[in-house]
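Peer 1: Have a look at this one.
In full-length UniProt numbering, the protein residues as written are 1 to 591.
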């Protein structure tokens with residue numbers, strides 16, 4: 001039986017930092033337009049900065065030597081990708097800084113977590129698990145309110161669900177909530193397997209009941225999300241229980257029972273829905289089949305783009321622009337800024353050679369993590385396997401969505417991957433390098449300080465853009481607020497959107513449209529973009545934008561496009577949007 005008492009190789013500040021970094025970001029409901037989850041992401045960035053500052057004091061001599069590995073090299077390539085796109089494809093500097101900065105934070109966490117000593121690795125992972133467990137339990141409470149008492153959701157402490165009958169958590173995304181709940185299940189398995197719930201009960205049977213109760217609660221919440229990804233995750237939990245012979249018998253049985261928990265939860269919700277005018281989101285969601293038609297369509301469109309750009313891709317961050325400005329008559333009508341599949345996203349962004357190299361390095365890292373987790377025994381081995389399962393869960397989610405584009409998933413994943421792939425024990429050569437450890441430790445502290453300071457700066461930087469959309473009582477004129485926002489370091493494209501869509505059609509509005517088009521294109525922007533192109537005499541490109549707008553079949557453009565269908569219309573006096581372009585225009589001409 002594992003000891004109920006942690007070895008306590010890490011201090012209380014480190015434990016608190018890990019609790020905050022993992023529990024706080026998913027629970028923030030407060031948001032300010034235009035981004036619903038930015039504060040969640042900045043909380044994750046700042047929280048992990050605190051973790052690194054605390055971790056710096058825990059690292060011993062030689063702990064950070066020889067930490068290159070496949071995961072580090074993959075992330076180094078990804079950090080460089082936005083800068084290549086900035087130089088080659090014109091990605092705005094604000095997006096380049098934001099993307100590369102977040103990836104650099106993940107790189108730092110992988111690099112540092114790999115360097116933890118064997119005795120520390122399990123303790124750091126345990127503290128992380130308590131944070132994930134707390135996040136899961138509190139998100140369970142949020143889910144219950146959103147489904148059973150939605151009138152209590154105020155939007156500040158508990159987010160309102162925009163989907164009747166489905167829980168979305170405070171991240172406002174059911175699949176994100178489901179992934180968090182899967183992480184909470186993994187955390188509960190580790191803590192239960194190590195008998196960390198003994199402080200709740202003296203009775204052995206009662207202690208053993210804690211894990212299945214927690215797993216049932218989290219599986220029930222997954223049913224409330226109606227996330228098909230989450231339901232697949234439940235089956236993976238059962239498969240884990242069947243294959244991992246090093247878990248305790250109680251842990252294995254609890255995991256094997258998760259499909260039964262899923263069925264029971266489904267039945268309970270069906271009974272509840274049938275006894276009143278209640279919406280059961282999972283029933284209608286599952287009726288769509290194994291895959292969403294729009295997700296399949298966007299993958300097919302991405303494949304067409306990849307075939308046209310197999311070697312270099314369209315450029316990091318350029319998928320939305322390339323897809324929106326390319327001809328796809330049967331495109332999905334939603335505005336996608338991601339392919340919803342990490343392998344396809346990397347391929348279409350970076351090209352097949354670079355994507356294959358990066359995915360190969362990441363696959364090598366996962367294989368190495370799995371091999372190391374099976375080689376080690378005791379708490380160390382269980383910690384490695386649970387860390388691997390945490391990475392695997394989010395990796396599988398990334399085949400259907402893009403959770404790793406959010407800091408509150410990316411950074412914990414990076415830390416767990418680092419824990420899982422870290423070397424077993426310092427070699428003699430590593431110990432001989434102890435005198436070189438001081439600069440590395442200062443580097444850890446510097447990275448942590450940069451993450452913390454960067455998150456605080458980003459809040460201030462973002463408020464300059466918020467003032468455009470939610471002006472204070474003593475607000476400056478809109479034009480001045482927009483100019484202030486366009487000076488933002490990380491969020492200038494959000495201000496460019498306001499400049500492009502609120503100003504009269506002009507060369508200045510056109511320049512703003514071209515900048516914000518690298519971020520996200522929608523109906524309002526496309527109409528403003530076309531009008532500005534027409535205003536400067538570029539009717540060919542204006543009509544190209546209109547043709548792409550028609551493909552989206554969005555009702556918001558009906559009145560404007562409907563001008564072409566008025567009876568008695570004189571074709572000679574037709575507005576520019578009524579005629580197709582006379583030549584084929586490549587999407588790159590729209591940058």
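We put the beta carbon where it would ideally sit given N, CA and C, even for glycine.
1) Would you tell me roughly how many angstroms separate the C-alpha atoms of residue 512 and residue 411, rounded to the nearest one?
2) Can you tell me whether residue 237 is buried or exposed, with buried defined as 16 or more other CB within 10 angstroms of its CB?
3) What would DSSP say about residue 198, mapped onto helix, strand or coil?
4) If I measure Cβ to Cβ from residue 147 and keep anything under 6 Å in the same chain, skipping five residues before and after, which residues do I get?
5) Between residue 592 and residue 123, is the Cβ-Cβ spacing less than 8 Å?
6) How about residue 508 and residue 528: are their beta carbons less than 8 Å apart?
7) State buried or exposed for residue 488, treating a residue as buried only when at least 16 other CB atoms are found within 10 Å of its CB.
8) Can at least three beta-carbon pairs, one atom from the stretch 240–255 and one from the stretch 198–215, be found at a separation below 8 Å?
9) Name, in chain order, the residues that DSSP records as bridge partners for residue 35.
10) Out of 98, 199, 128, 90, which one is the CA nearest neighbour of residue 78?
11) Report all residues from its chain with a CB closer than 7 Å to the CB of residue 13; omit the five preceding and five following residues, and keep chain order.
12) Would you identify the three-state DSSP class for residue 225, choosing helix, strand or coil?
13) If the criterion is Cβ atoms closer than 8 Å, does the pair residue 335 and residue 521 meet it?
14) Which residue marks the beginning of the alpha helix (DSSP H) containing residue 353, and which one marks its end?
15) For the alpha helix (DSSP H) containing residue 484, name the first residue and the last one.
16) Compute the beta-carbon to beta-carbon distance between residue 468 and residue 495, rounded to the nearest angstrom, for a pair I have assumed lies under 8 Å.
17) Please determine, among 151, 152, 233, the residue with the shortest C-alpha to C-alpha distance to residue 181.
18) Give the range of the alpha helix (DSSP H) segment to which residue 123 is assigned.
19) When burial is assigned at 16 or more other CB atoms within 10 Å of the CB, is residue 274 buried or exposed?
20) What does the alpha-carbon distance come out to for the pair residue 451 and residue 558?
21) Between the C-alpha atoms of residue 442 and residue 156, what's the straight-line distance to the nearest angstrom?
22) Out of 222, 191, 269, which one is the CA nearest neighbour of residue 127?
23) With 16 other CB atoms within 10 Å as the buried threshold, where does residue 516 fall?
24) Can you tell me the Cα-Cα spacing of residue 526 and residue 478, whole angstroms?
25) Using only the alpha-carbon positions, how far apart do residue 302 and residue 85 sit?
26) Identify every run of the alpha helix (DSSP H) within the stretch 298–334, keeping only runs that are complete inside it and at least 4 residues long; order them along the chain.
27) Roughly how many angstroms separate the alpha carbons of residue 80 and residue 305, rounded to a whole number?
28) Residue 45 to residue 578, Cα distance in whole Å?
29) Need the endpoints of the alpha helix (DSSP H) that residue 246 sits in, please.
30) Skipping 5 residues on each side, what residues in its chain have a beta carbon closer than 6 Å to that of residue 230?
Peer 2: Here's the rundown:
1) Spanning the two alpha carbons is a distance of roughly 32 Å.
2) buried
3) Coil at residue 198, not helix or strand.
4) 167, 224
5) Residue numbering for the chain in the displayed model covers 1 to 591; residue 592 lies beyond these limits and cannot be assessed.
6) no
7) buried
8) yes
9) When beta bridges are read from the DSSP output, residue 35 appears opposite 32.
10) The alpha carbon of residue 78 has as its nearest neighbour, out of 98, 199, 128, 90, the alpha carbon of 98.
11) 54
12) helix
13) Contact flag set, yes.
14) 352–375
15) 478–486
16) 6 Å
17) Nearest option by C-alpha distance: 233.
18) 118–148
19) exposed
20) 46 Å
21) 38 Å
22) 191
23) buried
24) The alpha-carbon atoms of residue 526 and residue 478 are separated by roughly 21 Å.
25) 18 Å
26) 319–324
27) 22 Å
28) 48 Å
29) No alpha helix (DSSP H) contains residue 246, which DSSP labels as neither H nor E.
30) 178, 222
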